[in-house]
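Trainee: Numbering (our numbering), first residue to last: 1287 to 1405.
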């Protein structure tokens, strides 16, 4: 007898689609120590020199420091490639984590994709 996985397949935790000149990366479910490495690889694969990545955290149900580290890596990669990373988030807990770790001013999270695209 096989048991169902404890977590959804990490590929199911990440969805991507184009929005104007940007690529939207929608993260879903739990972004933690188990899913963060695959999310990181996904973001690294999508980063293009001069490109814009919009990371949408609104569907995320859990987000810890592992997820924050992924965002920091993606931000660095975007800056080094002369691109930009925008974060869309309306979750008070995630915003509090960013405030506590003093990364909220780095990410400047917006409430909608439209605001982030204008960023």
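All residues carry an ideal CB built from backbone N, CA and C; glycine is no exception.
Being a predicted model, the structure only gives us computed values, none of them experimental.
Please name the residue, chosen from 1376, 1398, 1374, 1358, that lies closest to residue 1486 on a Cα-to-Cα basis.
Mentor: Residue 1486 lies beyond the stretch modelled for the chain, which goes from 1287 to 1405, so this question has no answer here.
Trainee: In chain order, what are the residue ranges of uninterrupted beta strand (DSSP E) at least 3 long that sit wholly in the region 1329-1391?
Mentor: 1338-1342, 1346-1349, 1370-1374, all fully within the region 1329-1391.
Trainee: I need the boundaries of the beta strand (DSSP E) containing residue 1397, first residue and last residue.
Mentor: Premise fails: residue 1397 is in no beta strand (DSSP E) and is neither H nor E.
Trainee: Would you report the Cα separation of residue 1346 and residue 1385, rounded to the nearest angstrom?
Mentor: The alpha-carbon atoms of residue 1346 and residue 1385 are separated by roughly 18 Å.
Trainee: Taking only heavy atoms of the ligand FAD into account, decide whether any of them is closer than 7 Å to the Cβ of residue 1389.
Mentor: The model on display carries no ligand, and the ligand FAD is accordingly not part of it.
Trainee: Between the alpha carbons of residue 1343 and residue 1366, how many angstroms are there, rounded?
Mentor: Rounded to whole angstroms, residue 1343 to residue 1366 spans 23 Å at the Cα level.
Trainee: My output table needs one value for residue 1323: the three-state DSSP class, helix, strand or coil.
Mentor: If DSSP states are grouped into helix, strand and coil, residue 1323 belongs with the helices.
Trainee: By DSSP's criteria, residue 1313 is part of a beta bridge. Which residues make up the other side?
Mentor: Note: residue 1313 sits in a beta bridge opposite 1300.
Trainee: Report the rounded CA-to-CA distance for residue 1361 versus residue 1370, giving the unit in angstroms.
Mentor: The alpha-carbon atoms of residue 1361 and residue 1370 are separated by roughly 7 Å.
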